[in-house]
Amino acid sequence: MDTLTPPANADPLDPGQYRDVLRPVDEASSLPSHCYLSPDWYAAEVESIFMRGWHLVGRADRIPDPGDYFSFEIAEERVLLARGADGIVRAFSPACRHRGLLVAQGQGNCRRFVCPYHRWTYSTEGALLAAPSMDQAKGFDPAGYGLVEFRLDEWAGFLFVTMDPAAEPLADALGDLPDLLGRYRLDEMVFTRQKTYDLACNWKCYVDNSVEAYHVPSVHGKSLQPVAPMQVWHYEVREHYYSLYGLFPGTMGVLKGERCFPPIEGLGEKEVERHDLAILLPNTVITATVDSIWWVTATPRGPGRTFVMVNHAFPRKTTERADFAEIAQNYYDRFDMVNVEDNEICELQQVGLTQRARRPGRYSDHEELVGAFAAYVTERVLGRSG
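Take a look at the structure:
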C-alpha cells in the first residue's frame with residue numbers, strides 16, 4: 174500500500190521529478206498532479222509550447238467575403254482573423270494600439286474595426302485610419318500604429334497562425350500530414366458548424382482523453398462503442414504529429430443506425446473502411462471519416478480552465494443537397510452527446526488531480542499517445558527539445 178505523505182513543496186520545474194515520465198511508454202508513469210494545477214508550470218507551458226509553433230485556427234471558407242472576421246484564442250492570447258477588402262486573410266492581435274481595448278470579438282462582417290473606447294479606427298487590412306484628437310501628440314505617425322499582425326499560412330483550406338516570428342515554415346511543421354489526409358480532399362470541404370464549451374479542467378486532461386480509445390467502452394458505451402469500438406484503433410507516434418486510425422466499415426460521424434451521407438468522392442474500396450485522427454501538437458485533433466471531417470481544439474484559459482472548440486465540415490457537394498440540414502443534424506446530435514460524456518469525465522479528472530492522495534499511474538497499451546504527449550510537454554517545458 175502506498176501510504177499518504179504530505180505533498181512536497183518542490184520546484185515544479187525541477188527536472189529530477191520527471192525521470193519516470195520520460196521513460197519508454199511501457200515503463201513510464203503519468204504526469205505529477207502539479208503539471209495540471211501549478212500556475213508556474215502552466216506559465217512555462219504557455220511560453221515554451223503555445224507561443225511557439227503553428228496553431229490551426231479555422232477554415233478560410235468561414236470568412237469568404239471581404240470584411241468577414243472571427244476571433245480565436247491561443248492560450249489566452251486573442252487572435253482576430255479577417256479577410257481584407259483586398260480578399261487576403263490576415264491574423265491580428267485585436268488589442269487597440271491606443272490603450273489596449275479589444276476592437277472586435279466573436280464573428281461578423283464590418284467595413285472597419287472601430288475601438289469602442291476612443292474610436293480609433295482600423296481597416297480590415299489592419300492599418301490605422303483614424304485616431305481622434307491625436308494631432309497634438311509629437312511625432313505620432315498613424316502608419317506606425319496599425320494592428321499587430323501575426324504570421325499566417327494556409328494548407329488545404331485550413332488557416333494556421335504562429336506567435337513566433339522564428340517558427341519554421343508551416344509546410345515543414347506539417348511533415349507528411351498532407352499525404353496522410355490527402356485522400357479526404359480537405360480543400361473541397363465547407364465549414365458548417367462550431368460548438369464551444371468552457372470546462373473546469375486543465376487543457377491536457379482534454380488532450381489526453383482525445384488521443385486514446387481506452388475509455389470508449391466505459392464512457393461512450395451507448396454512443397461511440399457500437400460504431401467505433403476500442404479494439405479497432407491503432408496508434409502511431411510520427412515525427413510531426415500523432416496518428417490514431419481505425420479500420421471498420423461505415424461512418425463514425427453518426428450514431429449507429431442513423432441516416433448518413435455517402436462517402437467522399439474518390440475514396441477507394443479499402444479507404445472507405447479507414448478513419449484517421451491526426452493529433453496536431455499541442456492541442457488540436459483533426460478527425461477524417463468516410464463522409465466528413467471535424468476538428469477539436471482545447472485551448473487553456475489557466476491551469477484549471479479549458480475552452481474547447483468543436484468544428485464540422487462536409488464536402489461542398491454534400492452541403493448542396495436539399496436534405497443536408499436534416500441529415501447533418503444527426504452528426505451534430507452525435508457530437509453533442511459524445512462531447513458531454515467527455516466533458517464530464519475531464520472535469521471529474523481535474524477534481525481527482527487536486528487530491529493530496531493522488532499518485533502518478535502507469536499506461537496501458539491503448540495509451541501510447543498519452544505517454545508520448547506527457548513526454549512532449551515535459552521536454553518542452555524543461556527546455557530539452559524544439
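Count the sequence shown with the working numbering and you get residues 174 to 559, in order. We treat Cβ as the ideally placed atom computed from N, Cα and C, and that holds for glycine.
What separation, rounded to the nearest whole angstrom, lies between the Cα atoms of residue i and residue j?
i: L453; j: V389; result: 21 Å
i: E361; j: D213; result: 43 Å
i: A495; j: D337; result: 44 Å
i: G348; j: L229; result: 15 Å
i: C378; j: E493; result: 37 Å
i: D238; j: K429; result: 38 Å
i: L177; j: G273; result: With a pLDDT of only 42 at L177, under the threshold of 50, the placement of this residue in the model should not be trusted; the figure read from the coordinates follows. Going by the C-alpha atoms only, they are around 48 Å apart.
i: S416; j: F243; result: 29 Å
i: M174; j: G534; result: Bear in mind that the predicted position of M174 carries a pLDDT of just 47, short of 50, making it unreliable; the figure below should be weighed with that in mind. Whole-angstrom Cα-Cα distance: 14 Å.
i: V384; j: L542; result: 6 Å
i: G441; j: D464; result: 13 Å
i: W406; j: Q398; result: 12 Å
i: L350; j: G279; result: 30 Å
i: E249; j: A277; result: 15 Å
i: G355; j: W468; result: 16 Å
In the DSSP assignment, find the beta strand (DSSP E) that holds residue i and state where it starts and stops.
i: V287; result: 285 to 287
i: M482; result: 479 to 488
i: V458; result: 457 to 461
i: S383; result: Segment 376 to 383 is the alpha helix (DSSP H) holding S383; no beta strand (DSSP E) there.
According to DSSP, is residue i part of a helix, a strand, or is it coil?
i: R356; result: helix
i: M362; result: strand
i: A255; result: strand
i: D308; result: coil
i: E444; result: helix
i: G281; result: strand
With burial defined as no fewer than 16 other Cβ atoms inside 10 Å of the residue's Cβ, what is the status of residue i: buried or exposed?
i: D231; result: Before going on, a small fix: residue 231 reads as Gly here, not Asp. Result: buried.
i: T538; result: The sequence given here places Asp at residue 538; Thr does not occur at that position. Burial call: exposed.
i: H393; result: buried
i: I466; result: buried
i: Q190; result: buried
i: Y290; result: exposed
i: T297; result: buried
i: D241; result: buried
i: C519; result: buried
i: N375; result: buried
Any heavy atom of the ligand ATP closer than 7 Å to the Cβ of residue i?
i: Y418; result: Ligands displayed in this structure: none; no statement on the ligand ATP is therefore possible.
With respect to the alpha helix (DSSP H) encompassing residue i, which residues constitute its N-terminal and C-terminal limits?
i: A545; result: 541 to 554
i: D241; result: Where D241 is concerned, there is no enclosing alpha helix (DSSP H), although the beta strand (DSSP E) it sits in stretches over 241 to 247.
Any C-beta of chain D sitting closer than 8 Å to the C-beta of residue i?
i: H485; result: The structure shown has no chain D; it contains just one protein chain.
*asked:* Closer than 8 Å is the cut-off here; do at least three beta carbon pairs connect the segment 517 to 534 with the segment 198 to 211?
replied: Yes, the segment 517 to 534 is in contact with the segment 198 to 211.
*Should the segment 445 to 461 be called in touch with the segment 219 to 229, which here means at least 3 C-beta pairs below 8 Å?*
In short, these stretches touch, since the Cβ pair count reaches three.
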